[in-house]
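Chemist: Let me give you the structure first, and then I'll get to my questions.
Numbering (UniProt numbering), first residue to last: 1 to 344.
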């Protein structure tokens, strides 16, 4: 089955059979049995209609039953450096993903957050992301899965804010894959396209837009599911892809933003922004933020994490603030403009 749908924003969406998606070209997934839904839906009833932010291409309908939407795109060009802010239990990151992390004795089987959606300024060779994720492993060969929004002109061909997923099993040294651009992630949703535009985005002083991302491990199959919005399951990373993440939970849960640029640590610095492009702003909420942060451990109940720390590796350019005192639900605020009088 191949059905083409033209989106008003210029995207071309191709509906392909679930079993024909790129995931199954991965050697570890040749005999994989597709899991069409999580074993346990924590929304309890499972009968409510899934709720997720609309995507522009859906105005022309959705894909037929038994198919998934695949956004046509240019071949990706992977990156090798980044700067980060607003992550939990996290240390320096010179790669697109992570260089090091602190386990602190916790094992996580899920991570969730409400991410404010912006459309930051991004230079041609750069990208800016806001995400939630899970990580396990050593300094140079960690395993990482994440999802959120991204502006990436080189990968997507424009400066639109788009939904993404990403995974690596070796610290992005030899592996690393956005969306369905290479074998790995198994998509099950026929209504949500990975890499499609997120609409609406936040408008300063007017509209506030957030996306909810929940990544969780299926206790029966060991697959790592991504939920978008409420009850809208995008698909999963099969346990066969991983070593440490297949053996159990993740060592680190993380929330925040990242910027990649070949100009990091140089003068002039890149003008690529993180979040909204404004420094952390917990008063007016004009910066990047992640609210209602939750983790899942060895139970079926999401809870607020006990131990929280922040990190930023270019605090003059991008910063982070964690607010928890006198607040019923602590929040992260992060971001920055890149080049400025404090970051020449």
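All C-beta atoms, glycine included, are put in the ideal place defined by N, C-alpha and C.
(1) In the DSSP output, which residue or residues are listed as bridge partners for residue 108?
(2) Can you say whether residue 39 is buried or exposed, counting buried as having 16 or more other CB atoms within 10 angstroms of its CB?
(3) Going by alpha carbons, who is nearest to residue 201 out of 37, 246, 132, 210?
(4) How would you label residue 329, buried or exposed, when you count the other beta carbons within 10 angstroms and need 16 or more for buried?
(5) What separation, rounded to the nearest whole angstrom, lies between the Cα atoms of residue 170 and residue 223?
(6) Report buried or exposed for residue 68, applying the criterion of at least 16 other Cβ atoms within 10 angstroms of its Cβ.
(7) Start and end of the beta strand (DSSP E) containing residue 153?
(8) State the Cα-Cα distance for the pair residue 291 and residue 313, rounded to the nearest angstrom.
(9) Measuring CB atoms only, is the region 332-342 touching the region 270-288, in the sense that at least three cross pairs come out at less than 8 Å?
(10) So what does DSSP say about residue 134, is it helix, strand or coil?
(11) Distance, Cα to Cα, residue 281 vs residue 287?
(12) Since residue 217 sits in a beta bridge, which residues does DSSP pair it with?
(13) Looking at the secondary structure, which residues open and close the beta strand (DSSP E) in which residue 63 lies?
(14) Considering only DSSP beta bridges, list what residue 115 is partnered with.
(15) Where do the ends of the beta strand (DSSP E) carrying residue 16 lie?
Modeler: From the atom records:
(1) 250
(2) Classification for residue 39: exposed.
(3) 210
(4) exposed
(5) Each residue's CA atom was taken as its position, placing residue 170 and residue 223 some 18 Å apart.
(6) buried
(7) Taken as a continuous stretch (DSSP letters only), residue 153 belongs to no beta strand (DSSP E), being part of the alpha helix (DSSP H) at 153-156.
(8) 22 Å
(9) yes
(10) strand
(11) 5 Å
(12) According to DSSP, residue 217 bridges with 224.
(13) That residue, residue 63, is in no beta strand (DSSP E); it is neither H nor E in DSSP.
(14) 211, 290
(15) 12-17
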